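Written below as structure tokens is the structure these notes are about.
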Amino acid sequence: MVMNVKPIPTLDDRINDIRMRTAQIVNDAILPNEARLWNLHREGNVSQHERREALQLREEIKQRVWEAGLWAPHLPKEYGGMGLDFLAHAYMNEVLAYAIGAASLFGVVAPNSGNQTILVKYGTDEQKQKWLLPLIDGSMESGFSMTEPHNPGSDPRSLDTSAVLEGDQWVINGHKWFTSNGIAADFFIVMCRAGEPGSEHDSGQMVQIIVPTNAKGVNIVRGIGIWGRDTSDHCEVIYDNVRVPADNALGHVGQGHQAAQDRLGAGRIFHCMNSVGQMWRAFDLMVERACARKVHGGLLKEKQFIQGFIADSYVDIQAARLMTIHAAEKIDQDDRSARTDISAIKVFVPAAYSRVADRAIQVWGAAGVSNDLPLAAMYMGARTLRLADGPDEVHKILIAKNVVHRYETGESWDFGN
Ligand SMILES: Cc1cc2nc3c(=O)[nH]c(=O)nc-3n(C[C@H](O)[C@H](O)[C@H](O)COP(=O)(O)OP(=O)(O)OC[C@H]3O[C@@H](n4cnc5c(N)ncnc54)[C@H](O)[C@@H]3O)c2cc1C
Numbered sequence: 070m071v072m073n074v075k076p077i078p079t080l081d082d083r084i085n086d087i088r089m090r091t092a093q094i095v096n097d098a099i100l101p102n103e104a105r106l107w108n109l110h111r112e113g114n115v116s117q118h119e120r121r122e123a124l125q126l127r128e129e130i131k132q133r134v135w136e137a138g139l140w141a142p143h144l145p146k147e148y149g150g151m152g153l154d155f156l157a158h159a160y161m162n163e164v165l166a167y168a169i170g171a172a173s174l175f176g177v178v179a180p181n182s183g184n185q186t187i188l189v190k191y192g193t194d195e196q197k198q199k200w201l202l203p204l205i206d207g208s209m210e211s212g213f214s215m216t217e218p219h220n221p222g223s224d225p226r227s228l229d230t231s232a233v234l235e236g237d238q239w240v241i242n243g244h245k246w247f248t249s250n251g252i253a254a255d256f257f258i259v260m261c262r263a264g265e266p267g268s269e270h271d272s273g274q275m276v277q278i279i280v281p282t283n284a285k286g287v288n289i290v291r292g293i294g295i296w297g298r299d300t301s302d303h304c305e306v307i308y309d310n311v312r313v314p315a316d317n318a319l320g321h322v323g324q325g326h327q328a329a330q331d332r333l334g335a336g337r338i339f340h341c342m343n344s345v346g347q348m349w350r351a352f353d354l355m356v357e358r359a360c361a362r363k364v365h366g367g368l369l370k371e372k373q374f375i376q377g378f379i380a381d382s383y384v385d386i387q388a389a390r391l392m393t394i395h396a397a398e399k400i401d402q403d404d405r406s407a408r409t410d411i412s413a414i415k416v417f418v419p420a421a422y423s424r425v426a427d428r429a430i431q432v433w434g435a436a437g438v439s440n441d442l443p444l445a446a447m448y449m450g451a452r453t454l455r456l457a458d459g460p461d462e463v464h465k466i467l468i469a470k471n472v473v474h475r476y477e478t479g480e481s482w483d484f485g486n
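Right under this line is the structure:
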């Protein structure tokens with residue numbers, strides 16, 4: 070089934086044009102080739118021929134994306150990206166995310182894309198030459214190394230990986246885990262606390278430092294097994310007296326916390342629009358199956374349980390999508406209250422996505438959990454999203470604080486704005 074994308078009457082022609090052209094590539098080039106494109110991810114034997122075919126197909130699609138001017142929506146034009154404004158990028162994401170894995174064919178690959186954005190904003194000219202350009206042209210890979218096993222990631226003030234300036238070098242000591250893309254990465258952006266190990270905690274002293282993965286003392290302990298698999302590219306890393314040039318700091322000491330917020334804050338809109346695109350796909354798959362599968366003398370679509378699934382998923386997707394667009398419009402208008410809306414979507418959208426994927430799996434029966442369909446991967450992805458980028462509870466606390474503050478200062482909440 071193709072994605073049904075038509076121009077949205079309330080959007081300007083430019084954004085509609087981007088969405089339509091993105092949908093054309095998704096529908097013509099990616100969806101019909103999904104199995105061949107991603108066969109490298111299959112467990113078991115993949116022949117050399119299949120491997121070559123997949124890589125060649127990916128390059129052909131990337132070339133088509135590039136020629137269509139749809140490459141790297143997150144990057145400014147001077148770095149070969151689309152230079153998209155915030156809303157256009159959000160609206161494009163729901164379309165490209167419909168095909169699982171398609172983002173990489175449009176030049177957006179986490180965590181590289183987040184690191185690129187941070188390097189564009191905080192990098193010096195030299196850092197851009199050395200790390201950003203190779204990251205963009207694909208000759209380098211990267212990771213973002215913030216979370217620590219012995220400290221709660223949901224409370225970044227607790228992070229204690231230390232960076233001490235000795236002469237013209239940083240000396241880094243610490244223990245991180247869940248550094249994604251750790252196996253392939255050529256460098257990590259490491260969240261450190263400037264000062265001696267064990268010194269007073271102070272979020273003003275956070276600093277992000279670029280650390281090449283081949284530097285002496287960078288020990289990649291393991292790829293952590295997740296979701297029942299033995300290994301993954303989410304790595305546990307020990308930094309043992311790692312020395313890098315003082316110039317490898319991104320921005321100033323004290324800006325590390327803000328740089329992390331920059332990465333996560335607005336990025337949550339893009340993640341949620343991706344989730345909306347994936348829910349859209351799960352919904353199409355579910356309804357398609359309900360219309361075709363006969364059980365107990367009738368099609369699934371005629372059974373009230375299944376009609377309930379369809380209606381509940383419709384409501385979940387509409388609510389998730391409209392909440393996300395509302396938050397995106399607020400950010401676009403520089404509205405300070407957007408912070409509350411970002412937290413609201415960060416709680417609501419992954420949960421809605423879990424429910425939508427779950428119902429689609431149920432309707433498909435055993436096939437729903439098979440690797441023949443993208444539903445199992447969606448389900449795991451949706452569940453993981455409830456932890457990553459701040460777990461639900463942290464965002465609920467923030468929503469409640471902001472709401473209560475309004476009432477305490479003599480105002481009430483205006484749901485119209
Ligand atoms: C697949 C995957 C990829 C990841 N990739 C990266 C990466 O590339 N780089 C990186 O640095 N990190 C990465 N992470 C880590 C992720 O950012 C952290 O898991 C997340 O920030 C939560 O931190 P934590 O795991 O230490 O949980 P904790 O902070 O220990 O929280 C555990 C639980 O406590 C509860 N909780 C927390 N605070 C409160 C509160 N105030 N009140 C009530 N309950 C609370 C929540 O339910 C929370 O889930 C990844 C994680 C996953 C699963």
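Every letter in the sequence shown is one number past the one before it in this note's numbering, and letter 412, counting from 1, is 481.
For each residue, glycine too, the CB sits at the ideal point set by N, CA and C.
Every value quoted in this text rests on a predicted model; they were computed, and no experiment measured them.
For a cutoff of 7 Å on Cβ pairs, would you count residue i as touching chain C?
i	result
A380	Annotation note: the requested chain C is absent from the structure, which comprises a single protein chain.
Return yes when at least one heavy atom of ligand 1 lies under 6 Å from the C-beta of residue i, else no.
i	result
L456	yes
T393	no
V36	Summary: the structure shown does not reach residue 36, with the chain confined to residues 70 through 486, and so no result is reported for it.
P221	yes
S249	yes
T216	yes
F339	no
V463	yes
T453	yes
F352	no
H303	yes
F213	yes
P180	yes
P460	yes
Rounded to whole angstroms, what's the CA-CA distance from residue i to residue j? Just pull it up for me.
i	j	result
V71	L100	7 Å
W482	K470	12 Å
H158	R88	10 Å
S227	N114	44 Å
A396	N486	10 Å
A407	I400	6 Å
G325	I84	33 Å
L467	I414	12 Å
E147	H340	24 Å
P218	Q125	39 Å
C261	I295	26 Å
Y308	V74	48 Å
G297	Y422	21 Å
M342	G336	10 Å
L106	Y476	53 Å
S231	L369	58 Å
G138	M151	7 Å
K199	A284	15 Å
L153	Q376	39 Å
E119	D441	17 Å
Q274	Q327	11 Å
I411	Q117	45 Å
A254	G292	12 Å
W43	K363	Limits of the chain in this structure are 70 at one end and 486 at the other, which puts residue 43 out of reach.
G207	E195	18 Å
V287	V306	7 Å
V425	P443	13 Å
V164	V233	45 Å
L319	V280	11 Å
L201	A179	14 Å
Would residue i be called buried (16 or more neighbouring beta carbons within 10 Å of its own) or exposed?
i	result
A168	buried
H464	buried
D385	buried
C304	buried
G176	buried
L454	buried
Y383	exposed
D439	The question names Asp, but residue 439 in the sequence shown is Ser. Looking at its Cβ environment, which holds fewer than 16 other Cβ atoms inside 10 Å, S439 is exposed.
H143	buried
A435	exposed
Considering only heavy atoms of ligand 3, does any lie closer than 6 Å to the CB of residue i?
i	result
P76	Looking at this structure, you won't find ligand 3 anywhere; what it does contain is ligand 1.
### Task
Could I get the ranges of all uninterrupted alpha helix (DSSP H) runs contained in the segment 370–411, with 4 residues as the minimum, in chain order?
373–401
### Query
Taking only runs of the alpha helix (DSSP H) that begin and end inside the segment 129–171, which ones reach a length of at least 4 residues, in chain order?
155–165
### Query
For the segment 245–289, which segments carrying the beta strand (DSSP E) assignment without a break, of at least 3 residues, lie completely within its bounds, in sequence order?
256–263, 275–281
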